[in-house]
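Here the numbering used here is used: position 54 in the sequence shown is 117, and no number is missing along the way. Everything below concerns the one structure shown next.
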Amino acid sequence: MIEELKRRNQAWVDGKTSGDPHYFDRLVEQQNPEYLWIGCADSRVPANEIVGMEPGELFVHRNVANLASPQDLNYLAVLQYSVEVLKVRHILVVGHYGCGGVRAALEYPDHGLVDNWIAPIRTLSEEHQAELAALPNEVARHNRLVELNVRRQAKQVAETPIVIKARAANSGWPHIHAWCYSLATGLVTDLDAPIPAPTPKRRRKAKFLGVFG
Ligand code: CO
64 MIEELKRRNQ
74 AWVDGKTSGD
84 PHYFDRLVEQ
94 QNPEYLWIGC
104 ADSRVPANEI
114 VGMEPGELFV
124 HRNVANLASP
134 QDLNYLAVLQ
144 YSVEVLKVRH
154 ILVVGHYGCG
164 GVRAALEYPD
174 HGLVDNWIAP
184 IRTLSEEHQA
194 ELAALPNEVA
204 RHNRLVELNV
214 RRQAKQVAET
224 PIVIKARAAN
234 SGWPHIHAWC
244 YSLATGLVTD
254 LDAPIPAPTP
264 KRRRKAKFLG
274 VFG
């Protein structure tokens with residue numbers, strides 16, 4: 064099995080360099096992505112392929128259920144580097160319908176450590192309990208929670224001191240987008256308009272929290 068992966072790697076290199084011998088030389092020199100993708104680790108949601116991006120064009124952070132928790136140093140390091148050093152213009156927070164991490168948050172917690180990871184989604188579902196309970200079935204509740212989660216995570220990205228500072232300095236960018244990907248069709252849906260900067264009240268709060276972030 065592993066030998067097969069090595070064989071495919073060689074075939075990929077051959078494919079890239081057959082018409083463009085300096086393909087990898089250019090990539091070694093620098094990466095210049097315009098986009099940061101924050102998505103789910105699900106193997107069916109391959110970031111670059113979905114949006115037709117080549118290596119060097121998309122900075123990617125993936126975890127279970129595409130969380131952007133203000134306490135997660137891994138995500139914050141990716142965010143800071145991509146915003147302040149790479150100067151990405153757009154941040155795409157991408158959830159997907161059928162997300163197992165989101166589904167687990169709707170079930171009784173017996174999935175092991177991942178239950179700790181998805182605790183924020185469980186809290187989110189409790190915040191929207193009335194809306195979710197009014198939906199006709201489990202699939203509808205699950206899909207709605209996927210959307211609510213994407214919007215919440217995108218809002219949290221917008222509220223980081225990193226993004227607030229960058230947007231103030233750069234006339235509004237990076238722009239933040241909340242997307243949902245459909246495993247069934249392969250298409251992404253833009254949930255609504257770009258996520259705005261926090262209100263002045265929220266901004267003061269974020270500035271205070273910035274001591275730690
Ligand atoms: Co998922």
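Glycine is no exception: its CB is placed at the ideal position from the N, C-alpha and C atoms.
(Q) Less than 8 Å between the beta carbons of Tyr98 and His159, yes or no? (A) Taking 8 Å as the Cβ cut-off, Tyr98 and His159 do not qualify as a contacting pair.
Q: Could you please give me the residues that DSSP links to Ile239 through a beta bridge?
A: Ile154.
Q.
Taking the beta carbon of Gly164 as the centre, do at least 16 other beta carbons fall within 10 Å, making it buried, or is it exposed?
A. Under this definition Gly164 is a buried residue.
(Q) Buried or exposed, going by whether 16 or more other CB atoms sit within 10 Å of the CB of Tyr138? (A) Buried, by the Cβ-count rule.
Q) Taking the alpha carbon of Asn129 as the point to measure from, which residue in His174, Ile113, Val213 has its own alpha carbon closest? A) Of the candidates His174, Ile113, Val213, the one whose C-alpha sits nearest the C-alpha of Asn129 is Val213.
Q) Taking 7 Å as the cut-off, does the CB of His159 come closer than this to any heavy atom belonging to the ligand CO? A) Checking the Cβ of His159 against the ligand CO gives yes.
**Q.** Three-state class that DSSP yields for Thr262 in the structure shown
**A.** It is coil, neither helix nor strand.
Q) Are the beta-carbon atoms belonging to Glu120 and Ile225 less than 8 Å from one another? A) In this structure, Ile225 does not lie closer than 8 Å to Glu120 by Cβ.
Q | Inter-residue Cα distance where the pair is Glu222 and Leu176 | A | Taking the straight line from one Cα to the other gives about 27 Å.
Q: Verify the CB distance criterion: does Ile184 have a CB-CB separation below 8 Å to chain D?
A: Here chain D cannot be found, since the structure has a single protein chain.
Q. Is it the case that the CB of Ala128 approaches a heavy atom of the ligand CO more closely than 7 Å?
A. Ala128: yes, Cβ under 7 Å from the ligand CO.
Q.
Given the structure, does Asp178 come close to the ligand MN, in the sense that its CB is under 7 Å from one of the ligand's heavy atoms?
A. The ligand MN is not part of the structure shown, which contains the ligand CO as its ligands.
Q) Is the beta carbon of Cys243 within less than 7 Å of some heavy atom of the ligand CO? A) Cys243 has its CB no nearer than 7 Å to any heavy atom of the ligand CO.
Q) For the beta strand (DSSP E) that Gly78 lies in, which residues bound it at each end? A) Bounds of any beta strand (DSSP E) do not take in Gly78; it lies within the alpha helix (DSSP H) bounded by 65-81.
Q. Since Pro237 contacts Arg152 with CB under 8 Å, what's their CB separation in whole angstroms?
A. Right, their Cβ atoms sit about 6 Å apart.
Q: Check each candidate in Ile227, Ala231, Ala217 and name the one with the smallest Cα separation from Asp253.
A: Nearest option by C-alpha distance: Ala217.
Q. According to DSSP, is Tyr244 helix, strand or coil?
A. Here Tyr244 sits in strand by DSSP.
Q | Backbone CA spacing between Gly273 and Ser81 [nearest angstrom] | A | With a pLDDT of 47 at Gly273, under the threshold of 50, the modelled position of that residue is not reliable, and no figure is offered here.
Q: State the Cα-Cα distance for the pair Val251 and Ala110, rounded to the nearest angstrom.
A: C-alpha of Val251 to C-alpha of Ala110: approximately 11 Å in a straight line.
Q | Nearest-angstrom beta carbon gap, His85 and Val156 [assumed within contact, 8 Å] | A | About 34 Å separates the CB atoms of Val156 and His85; that is not less than 8 Å, and the two are not in contact.
Q: Compute the Euclidean distance between the alpha carbons of Ser132 and Gln219, then round it to the nearest angstrom.
A: Roughly 7 Å between the two C-alpha positions.
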